[in-house]
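Q: Residue numbers (our numbering): 85 to 459.
1) Just grab the DSSP bridge partners of residue 412 for me.
2) Is residue 412 near residue 356, with beta carbons less than 8 Å apart?
3) Can you give me the Cβ contacts of residue 416 inside the same chain, cut-off strictly under 8 Å, excluding the 5 residues immediately before and after it?
4) Along the chain, where does the beta strand (DSSP E) containing residue 372 start, and where does it finish?
5) Residues in its own chain within less than 6 Å of residue 128 by CB, not counting five upstream and five downstream?
6) Under the DSSP definition of a beta bridge, which residues are partnered with residue 389?
7) Please work out which residues of its chain come closer than 6 Å, Cβ to Cβ, to residue 350, disregarding the five sequence neighbours upstream and downstream, and give them in chain order.
8) For residue 126, count neighbouring C-beta atoms within 10 Å of its own C-beta (all shown protein chains included) and say buried if the count is 16 or more, exposed if not.
9) Does the count of Cβ pairs from the segment 269–289 and the segment 234–246 closer than 8 Å reach three?
10) DSSP three-state call for residue 436: helix, strand or coil?
11) Under 6 Å Cβ to Cβ from residue 303, same chain only, skipping five residues before and after it: list those, please.
12) Say whether the segment 201–215 touches the segment 265–272, bearing in mind that this needs 3 or more beta-carbon pairs closer than 8 Å, one atom from each stretch.
13) Looking only at its chain, what residues have a beta carbon closer than 6 Å to the beta carbon of residue 137, apart from the 5 residues adjacent to it on each side?
14) Can you tell me which of the three DSSP states residue 268 falls into?
15) Buried or exposed: which applies to residue 103, given that a residue is buried once 16 or more other Cβ atoms fall within 10 Å of its Cβ?
16) Would the segment 318–328 and the segment 285–303 be scored as touching if the rule is three or more Cβ pairs under 8 Å?
17) So, are the CB atoms of residue 247 and residue 201 less than 8 Å apart?
18) Considering only the beta carbon of each residue, do residue 227 and residue 286 sit closer than 8 Å?
19) With distances taken from CA atoms, which of 306, 373 and 107 is nearest residue 402?
20) Applying the 10 Å Cβ sphere with the 16-neighbour rule, what's the burial state of residue 437?
21) Looking only at its chain, what residues have a beta carbon closer than 7 Å to the beta carbon of residue 372, apart from the 5 residues adjacent to it on each side?
22) I need the straight-line Cα distance from residue 46 to residue 158, nearest angstrom please.
23) Note the first and the last residue of the continuous beta strand (DSSP E) segment covering residue 302.
24) Between the beta-carbon of residue 256 and the beta-carbon of residue 236, is there less than 8 Å?
25) What residue ranges within the segment 203–260 form continuous beta strand (DSSP E) runs of no fewer than 3 residues, ordered along the chain?
26) Using a Cβ-Cβ distance cut-off of 8 Å, determine whether residue 278 contacts chain D.
27) Would you check if the distance between the CB atom of residue 369 and the CB atom of residue 354 is smaller than 8 Å?
28) Look at the alpha carbon of residue 329 and the alpha carbon of residue 205, and state the distance between them as a whole number of angstroms.
29) Mapping the DSSP letters down to three states, classify residue 323 as helix, strand or coil.
Listed below in structure tokens is the structure:
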């Protein structure tokens, strides 16, 4: 019986990419695999056919020969018997690649050994003044460091790790699953290829011990909540002699009693008296650099905002400093004396029937009248 075209078997175009070939083969192999179709000869033949087609088309040189000469261009006896009789394909190699996700195998995965240590995160709480001006702080970080007793080997002083008896030092073991086999990380040595028969008493064979590390962190001026400072090599020590990870110091700026920060700008509310708002005057307002004079014009209303240029924050990545925005809040006097009440009553009487002194109020009442008139 003549063989079908390999591209037709996999259901792909002749110019199909390697990824498309693998996807098509995965679909067919999962559908026709003998484990899923016990006793079904047709499924077994379809499985063999797909396996043979993929074995040829996934190999660049064989595919080129097949594209030029067809079935005659490839050896009909290609590796016969190597794949448990399935068309001569190297069954375990192909399935180690295609089905590694399903069976935990890792075809071509590197053996264990030196591994980079984990990165660490430390949240650094700062006052606004510290964040704006910059500072140097000392922190203590719990981390894993290399065991000094065994120099990170995990073996007792005077001894050394030995070759793993389970994997023979390879770091991986081959496991048979149904009709095919897959490679897995050795469960005994965890891929390192070594065993510790006489573990270190300090680290109990781990090669690392937990320790509080004291570090000095230089915080640049202008940092804000969410900014990160990276300390290279100050994370956890690596396993099996691998390099240490990094420590990321994440800044969190505490709330301030006076200022609110938005990027490089600062905002604050400035309460002023009824008299100062009406008559105008000069006030002292705080900044991060000290007090400054703020001139209040007469007739100032609540919500009026004054800009003090350059009194904000200089960004950590450079650029001009931001501004300080002062929002005025007119404060209603309380706890009035009898004389003060009399004076205010007299003052209120002078304002009656004269809307020129309260333009916002008169405009608002006119709007209310129109609203109810429309109803």
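Just so you know, even glycine gets a beta-carbon here, dropped at the ideal spot from N, CA and C.
A: So, from the data block:
1) 354
2) yes
3) 358
4) Taken as a continuous stretch (DSSP letters only), residue 372 belongs to no beta strand (DSSP E), as it is neither H nor E.
5) 118
6) 411
7) 343, 396 and 408
8) exposed
9) yes
10) coil
11) 218 and 219
12) no
13) 90, 93 and 94
14) strand
15) exposed
16) yes
17) no
18) no
19) 306
20) exposed
21) 213 and 216
22) Residue 46 cannot be examined here, being either before or after the span of the chain that is shown, 85 to 459.
23) 292–303
24) no
25) 204–210 and 219–230
26) The question asks about chain D, but that chain is absent: this structure has only one protein chain.
27) yes
28) 11 Å
29) strand
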